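Below is one structure, written out as structure tokens; the observations come after it.
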Amino acid sequence: MRQYLLIPGPTPLPDEVLAASGQQMISHRSTEFARLLAETLEALRRVLLTRGAILPFASSGTGGLEATIVNLCSPGDTVVAVCGGAFGARFADIAEAFGIKVNRVEVPWGQAADPEAVRRALQETPDARAVLVAHSETSTGVRNDLAAIASVVREWPALMVADAVSSAGAVELRTDEWGVDVVITASQKALMAPPGVALIGVSERAWEAVKVARLPRFYWSFERMRAELGDVEAFTPFTPAISVVRALHAGLRMVEAEGLEARWARHRRTARAVRAGVRALGLRVVPREEDASEAVTAVWVPDGVDSTALLTRLRTEHGVVLAGGPGRMHGKIFRFGHLGWVPDEAVLAGLRALEAVLPEVGGPAGRGAEAAAAEILAMEG
Ligand SMILES: Cc1ncc(COP(=O)(O)O)c(C=O)c1O
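Take 0 as the starting number for the sequence shown in numbering that gives the first Met the number 0 and just add one per residue.
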């Protein structure tokens with residue numbers, strides 16, 4: 000049975016990426032690898048729309064979040080953290096784990112953060128070192144208005160830090176123009192590579208903070224990493240994830256061939272199609288239409304339906320892999336990922352399977368999911 004991996008990362012790999020990642024090892028000290036890494040980081044600057052340095056750490060995205068905290072903060076510091084889902088809360092938890100005081104902006108899960116709430120938090124803690132926000136809150140399918148939040152943050156000395164793990168390459172993100180100081184993403188989401196590399200874009204303003212930040216760090220040191228990265232040949236202080244970097248290089252080529260704006264538009268279109276499809280089945284999408292992320296759609300599990308039974312049947316009988324709800328959303332929502340390399344056919348197969356399985360597990364017997372989605376895919380395609 001064909002498998003349709005429709006989770007919000009890791010995402011399926013296009014053939015070009017698979018071929019690139021399956022090659023024999025080379026030395027990470029070779030000119031060949033150093034050039035490949037330099038090109039990859041240069042391409043990332045174009046995709047993240049930043050002139051800042053991009054630091055590649057061998058780790059998952061969470062490592063990138065932790066690295067950011069230990070490079071920006073000192074003991075006794077406070078940060079403001081937007082907590083509207085599992086990933087916003089995780090960023091806050093990481094800061095707390097390092098003894099940083101966290102002024103949490105609590106946002107009901109499923110809603111986008113109000114930039115005015117961030118303003119109020121900064122008024123309470125005007126010396127905050129940074130404001131931490133998940134751009135696309137993957138746990139609830141919400142897109143926070145990063146541009147609006149960043150423009151509020153700019154009125155204070157705090158650095159604007161964006162977790163763009165599921166947004167970069169899928170959702171409109173203009174790092175420098177919006178005034179984002181640190182942007183964190185990871186290889187396994189919309190950049191279409193396997194897991195294993197966290198990527199951190201650091202602005203000049205943020206480097207000033209790094210110079211004075213006193214939390215201990217070794218592996219995660221931004222300065223140690225930057226010292227090895229050249230524009231033409233880039234090395235890393237420790238062994239890099241060579242295969243993943245090769246895959247990223249291939250994935251970024253595809254991103255650039257598609258064009259950034261076209262790619263954002265495609266994700267918008269696919270996301271709208273998925274939302275139309277699930278609504279045709281009588282299901283409710285978690286966020287309001289205007290706050291819905293282009294990367295992932297979160298859907299309320301209908302009353303009387305066991306989400307585990309739903310997801311299991313989709314997977315075993317239709318080869319469709321969707322994700323459940325993380326943390327406190329477990330059993331309440333399911334998530335349909337549509338970021339990275341998502342052929343229309345995969346989206347339609349996912350909706351078709353949902354339509355077939357829902358009534359079998361006690362859900363509504365809606366009809367026309369595929370047609371509703373196909374109409375949108377065709378209209379804007
Ligand atoms: C918004 C966001 N932040 C952070 C992470 C954590 O990334 P990782 O699982 O690669 O550590 C994820 C992963 O899904 C995410 O979607």
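A virtual CB, placed ideally from N, CA and C, is assigned to each residue, including glycine.
All values derive from a computational prediction rather than experimental measurement.
Next item on the list: Grab the span of the alpha helix (DSSP H) containing Met328 for me, first residue to last.
Entry: For the purposes of this step, residue 328 is identified with residue 329 of the sequence shown, where counting begins at 1. From DSSP, Met328 is part of no alpha helix (DSSP H); its letter is neither H nor E.
Item checked: Environment of Pro107 [buried if 16+ CB atoms lie within 10 Å] -> Sequence index remark: in the sequence shown, residue 107 carries index 108 (1-based). By the neighbour-count definition (other C-beta atoms within 10 Å, threshold 16), Pro107 is an exposed residue.
Check: What's the C-alpha gap between Ala33 and Arg225?
Finding: Within the sequence shown, residue 33 is the residue found at index 34, counting from 1. Within the sequence shown, residue 225 is the residue found at index 226, counting from 1. Rounded to the nearest angstrom, the two C-alpha atoms are 14 Å apart.
Next item on the list: Identify whether Glu105 lies in helix, strand or coil by the three-state DSSP scheme.
Entry: Taking the first residue of the sequence shown as 1, we reach residue 105 at position 106. Residue state, collapsed to three classes: strand.
Checklist line | Helix, strand or coil at Val381 according to DSSP, with G and I counted as helix | finding: Nothing can be reported for residue 381, as the shown portion of the chain is limited to 0 through 380.
Checklist line | Straight-line gap, Val160 to Ser73 (C-alpha atoms, nearest Å) | finding: The residue you call residue 160 lines up with position 161 of the sequence shown. The residue you call residue 73 lines up with position 74 of the sequence shown. Approximately 16 Å between the Cα atoms of the pair.
Margin query: At the level of alpha carbons, what is the spacing between Gly178 and Ala146?
Written below: The residue given as residue 178 occupies position 179 in the sequence shown. The residue given as residue 146 occupies position 147 in the sequence shown. Taking the straight line from one Cα to the other gives about 8 Å.
Note to self: The beta strand (DSSP E) that contains Val79, what's its start and end?
What the structure shows: As a position in the sequence shown, residue 79 is number 80, starting the count at 1. For Val79, the enclosing beta strand (DSSP E) stretches over residues Thr77 to Cys82.
Next item on the list: Would you list the residues whose beta-carbon is nearer than 5 Å to any heavy atom of ligand 1, in the order they occur in the chain?
Entry: Ser59, Gly60, Thr61, Phe86, Ala133, Thr137, Asp162, Val164, Ser165 and Ala185
Margin query: Is it buried or exposed, Gln2, if we count other Cβ atoms within 10 angstroms and call 16 or more buried?
Written below: The residue given as residue 2 occupies position 3 in the sequence shown. When all chains shown are included, Gln2 counts as exposed.
Item checked: Proximity winner among Val209, Ile99, Phe97 and Arg103, relative to Gly87 (alpha-carbon distances) -> In the sequence shown, counting from the first residue as 1, residue 87 sits at position 88. It is Arg103 whose Cα lies nearest to the Cα of Gly87.
Checklist line | Coil, strand or helix - Trp219 by DSSP | finding: By one-based count along the sequence shown, residue 219 stands at place 220. Trp219: coil per DSSP, three-state reduction.
Check: What is the DSSP secondary structure of Pro55, reduced to helix, strand or coil?
Finding: On the sequence shown, residue 55 is found 56 positions in, with the first residue counted as 1. Correct three-state label for Pro55: strand.
Next item on the list: Have a look at Arg262 and Thr61 and give me their C-alpha separation to the nearest angstrom.
Entry: Residue 262 sits at position 263 when you count from the first residue of the sequence shown. Residue 61 sits at position 62 when you count from the first residue of the sequence shown. Taking the straight line from one Cα to the other gives about 25 Å.
Next item on the list: Determine, using beta-carbon pairs with one atom in the region 286-299 and one in the region 130-139, whether at least three such pairs fall under 8 Å.
Entry: yes
Next item on the list: Ignoring anything shorter than 4 residues or poking outside the region 290-374, list the alpha helix (DSSP H) runs there in chain order.
Entry: 306-317 and 343-356
Notebook entry, point to check: In whole angstroms, what is the alpha-carbon distance linking Tyr24 and Trp206?
Noted result: For the purposes of this step, residue 24 is taken as the residue at position 25 of the sequence shown. For the purposes of this step, residue 206 is taken as the residue at position 207 of the sequence shown. The amino acid at residue 24 is misidentified as Tyr; the sequence shows Met. Cα-Cα distance, rounded: 33 Å.
Next item on the list: Using only alpha-carbon positions, find the residue among Lys100, Ala157, Gly109 and Arg89 that is nearest to Val117.
Entry: Position 118 of the sequence shown, counted from the first residue, corresponds to residue 117. Selected option, being the one with the closest Cα: Ala157.
Next item on the list: Spell out the partners DSSP gives Ser135 in its beta bridges.
Entry: The residue you call residue 135 lines up with position 136 of the sequence shown. Its beta-bridge partners are Arg142.
Next item on the list: Taking Val46 and Leu251 to be in contact with their CB atoms under 8 Å, please state how far apart those CB atoms are, rounded to whole angstroms.
Entry: To locate residue 46, count along the sequence shown from 1; it is residue 47. To locate residue 251, count along the sequence shown from 1; it is residue 252. About 6 Å; that satisfies the 8 Å criterion.
Next item on the list: Report the option in Glu369, Thr307 and Ile53 whose CA atom is closest to the CA atom of Ala185.
Entry: Counting from one through the sequence shown, the residue named residue 185 turns up at place 186. The residue among Glu369, Thr307 and Ile53 with its C-alpha nearest the C-alpha of Ala185 is Ile53.
Next item on the list: Apply the 10 Å Cβ neighbour rule to His329 and answer buried if 16 or more other Cβ atoms are within range, or exposed otherwise.
Entry: As a first step, residue 329 must be located in the sequence shown, where it is residue number 330. His329 comes out exposed.
Notebook entry, point to check: The beta strand (DSSP E) spanning Ile68 covers which residue range?
Noted result: Within the sequence shown, numbered from 1, the residue matching residue 68 stands at position 69. Looking at the DSSP string, Ile68 is not in any beta strand (DSSP E); the run it does join, the alpha helix (DSSP H), is Gly60 to Leu71.
Margin query: Quick check: what's the CA-CA separation for Ala19 versus Pro194?
Written below: Here residue 19 corresponds to residue number 20 of the sequence shown, with the count starting at 1. Here residue 194 corresponds to residue number 195 of the sequence shown, with the count starting at 1. If you take the alpha carbons of Ala19 and Pro194, they lie about 14 Å apart.
Item checked: Whether Val434 touches Val196 by CB criterion (8 Å) -> No statement about residue 434 is possible, as the shown extent of the chain runs from 0 to 380 and does not include it.
Next item on the list: Please check the pair Val298 and Ala352, which I expect to be a contact at CB under 8 Å, by giving their CB distance rounded to whole angstroms.
Entry: The residue given as residue 298 occupies position 299 in the sequence shown. The residue given as residue 352 occupies position 353 in the sequence shown. 14 Å between Cβ atoms; not a contact.
Next item on the list: With distances taken Cα to Cα, identify the nearest neighbour of Ala372 among Gly361, Glu344 and Leu43.
Entry: Taking the first residue of the sequence shown as 1, we reach residue 372 at position 373. For Ala372, the nearest C-alpha among the options comes from Glu344.
Check: Within this structure, are the beta carbons of Thr77 and Arg153 separated by less than 8 Å?
Finding: Here residue 77 is taken as the residue at index 78 of the sequence shown, counted from 1. Here residue 153 is taken as the residue at index 154 of the sequence shown, counted from 1. No.
Checklist line | Reduced DSSP category for Val130 - H, G, I as helix; E, B as strand; rest coil | finding: In the sequence shown, residue 130 corresponds to position 131, counting from 1. Correct three-state label for Val130: strand.
Notebook entry, point to check: Below 8 Å between beta carbons: does that hold for Leu247 and Ala192?
Noted result: Sequence index remark: in the sequence shown, residue 247 carries index 248 (1-based). Sequence index remark: in the sequence shown, residue 192 carries index 193 (1-based). Yes, the Cβ-Cβ distance between Leu247 and Ala192 is below 8 Å.
Notebook entry, point to check: Using a Cβ-Cβ cut-off of 6 Å (strictly less than) and excluding sequence neighbours within five positions of Arg267, which residues of its own chain qualify?
Noted result: Sequence index remark: in the sequence shown, residue 267 carries index 268 (1-based). Closer than 6 Å at the Cβ level, and outside the excluded window around Arg267, lie Glu293.
Check: Thr49 and Thr174: beta carbons closer than 8 Å?
Finding: By 1-based counting over the sequence shown, the position of residue 49 is 50. By 1-based counting over the sequence shown, the position of residue 174 is 175. It is a contact, given that the beta carbons lie within the stated cut-off.
Margin query: Considering just the uninterrupted stretch of the alpha helix (DSSP H) at Leu247, what are its terminal residues?
Written below: Mapped onto the sequence shown, residue 247 falls at position 248. Ile241 to Glu257 is the span of the alpha helix (DSSP H), which, as asked, contains Leu247.
Checklist line | Option nearest Val130 by Cα separation, candidates Val181, Leu4 and Gly75 | finding: As a position in the sequence shown, residue 130 is number 131, starting the count at 1. Nearest of Val181, Leu4 and Gly75 to Val130, Cα basis: Val181.
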